[in-house]
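Below you'll find the structure, written out as structure tokens, and then a few comments.
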Amino acid sequence: MNPEALYRISYGLYIISSRRNGRPSGQIANTVFQVTSDPVMVAVCLNRNNMTHDFVRDSGIFAVSILEKDTPLKFIGRFGFRSGRDFDKFEGIDFFTGRTGAPVVRDHAVAYIEAEVRDKMEIKTHTLFIGEVVDAEILSDAEVMTYSHYHYRLKGKTPKTATVYFENTM
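Take 762 as the starting number for the sequence shown in our numbering and just add one per residue.
Written out as structure tokens, the structure is:
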């Protein structure tokens with residue numbers, strides 16, 4: 762199998778965030794998609810080892826900040842390669858508390874979506890959370906970051922907890 766074929770699927774790069782007991786959590790993810798239009802529902806796929814997964818599971822809310830193409834690798838690394846168990850990812854970051862109570866990251870975001878979890882599906886190492894959208898806004902007209910741009914142009918790395926990680930190629 763050539764995993765390069767899977768990199769041709771169009772993905773974006775997003776910060777998925779949530780809040781539990783007043784504490785924010787956030788992580789980079791590439792698997793976000795709309796599943797219905799009435800009601801408007803989106804799905805996010807998170808690794809069960811990530812702290813943000815537990816925050817979404819426990820609180821039943823999440824926000825998706827859609828990143829711009831020019832997002833610096835250092836910013837992506839902050840949310841994608843560091844654990845919120847050891848580091849405050851939100852310190853010094855421009856964010857606000859959204860309608861659901863989830864933190865919404867404004868830094869490098871072109872838009873955001875907030876949702877309340879309505880269903881979930883356990884899939885081996887990940888959970889697919891399906892949420893009903895309760896708010897969404899455009900923040901910028903900048904071009905969105907795609908996973909292809911991140912991986913091939915910026916030479917970004919793939920963490921082991923990502924949905925697109927392959928042991929033998931990374």
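Virtual Cβ for every residue (Gly too), placed ideally from N, Cα, C.
Residue range 822-828 is occupied by the beta strand (DSSP E) that includes Ile-822. Unbroken beta strand (DSSP E) runs of no fewer than 3 residues, entirely contained in the region 837-867, are found at 856-858 and 864-866, following chain order. Beta-bridge pairing by DSSP links Ser-771 to no other residue.
Glu-898 sits exposed, since fewer than 16 C-beta atoms from the chains shown fall within 10 Å of its C-beta.
Residue pairing by DSSP puts Glu-877 in a beta bridge opposite Ile-822 and Glu-893. If you draw a 10 Å sphere on the C-beta of Glu-875, you find 16 or more other C-beta atoms in it, and that means buried. Beta bridge pairing from DSSP links Asn-808 with His-887. Rounded to whole angstroms, the Cβ separation of Asp-896 and Gly-859 is 6 Å, and the two are in contact under 8 Å. Of the candidates Glu-765, Arg-809, Thr-797 and Val-825, Arg-809 places its Cα closest to the Cα of Lys-885. Taken through DSSP and simplified to helix, strand or coil, Ala-903 comes out as coil.
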